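*Asks:*
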Amino acid sequence: MDYSRFFYYCSKGNLKEIKYQITHDENFKTEWITDNLYGPSALGEACDSKSIGLIQYLLQYVDNIDIEYIDFHEMNIEILKLFLAHGKFNDDIRKMQLYSDFTDKNDTFTKQYKKFMKRAKPLVDEYLFRLDGPIYNENIIG
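Numbering-wise (the numbering used here), the sequence shown opens with residue 13 and increments by one.
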């Protein structure tokens, strides 16, 4: 298999084919999951496909999640939950757009995003402040 086929199967949410390729193809490289050789990464494409099973499977092979995936994947709360359960991010999660101020905008996207934020912010806050979370430990250790 090559990267373009792997990318294609991720974009189609094809968990069965991805599992087979990862476990049986000697050419597979874990970097394919997060590399963005052609624009979005294979993980980003899997998120766009909304295949929760595929995303969950791919996350086993990911060291750090780019926080941009959270901002741009169609405001899907289930994907956010998977990312928070994974827990390793490439940057401070407080930089994601959840913490941006959209009060001056009133377009359709902004209204949808505000609804998403109402559901997502408590999940992110719980992640940040739980006993093994980054802010709790920062305050205890720091």
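Ideal placement from N, C-alpha and C gives every residue a C-beta, glycine not left out. Predicted model, so just to flag it, every value in this text is computed and none were measured.
Between Lys-100 and Ile-64, how many whole angstroms is the CB-CB distance? I'm expecting something under 8 Å.
*Replies:* With 8 Å as the limit, Lys-100 and Ile-64 do not qualify as a contact, their Cβ atoms being about 19 Å apart.
*Asks:* From the DSSP output, in three-state form, read off Ile-79 for me.
*Replies:* coil
*Asks:* May I have the straight-line CA-CA distance separating Lys-127 from Glu-38, to the nearest angstrom?
*Replies:* 44 Å
*Asks:* On the DSSP bridge assignment, give the partners of Phe-101 in chain order.
*Replies:* Ile-77
*Asks:* From Asp-119 to Tyr-125, what does the alpha carbon distance come to, in whole angstroms?
*Replies:* 10 Å
*Asks:* Can we say the segment 28 to 47 touches the segment 87 to 96, given the rule of at least three CB pairs closer than 8 Å?
*Replies:* With the cut-off at 8 Å, the segment 28 to 47 and the segment 87 to 96 do not touch.
*Asks:* Run through DSSP, which three-state label would Arg-142 get?
*Replies:* For Arg-142, the secondary structure class from DSSP, reduced to helix, strand or coil, is coil.
*Asks:* Taking only three categories from DSSP, how would you classify Gln-197?
*Replies:* The structure shown does not extend to residue 197, since the chain spans only 13 to 154, so no value can be given for it.
*Asks:* Using the rule of at least 16 other Cβ atoms within 10 Å of the residue's Cβ for burial, across every protein chain shown, is Phe-141 buried or exposed?
*Replies:* exposed
*Asks:* Can you look up Phe-40 in the DSSP assignment and give me helix, strand or coil?
*Replies:* coil
*Asks:* Return the first residue and the last residue of the alpha helix (DSSP H) that Asp-60 is part of.
*Replies:* Judged by DSSP secondary structure, Asp-60 falls within the alpha helix (DSSP H) whose first and last residues are 54 to 61.
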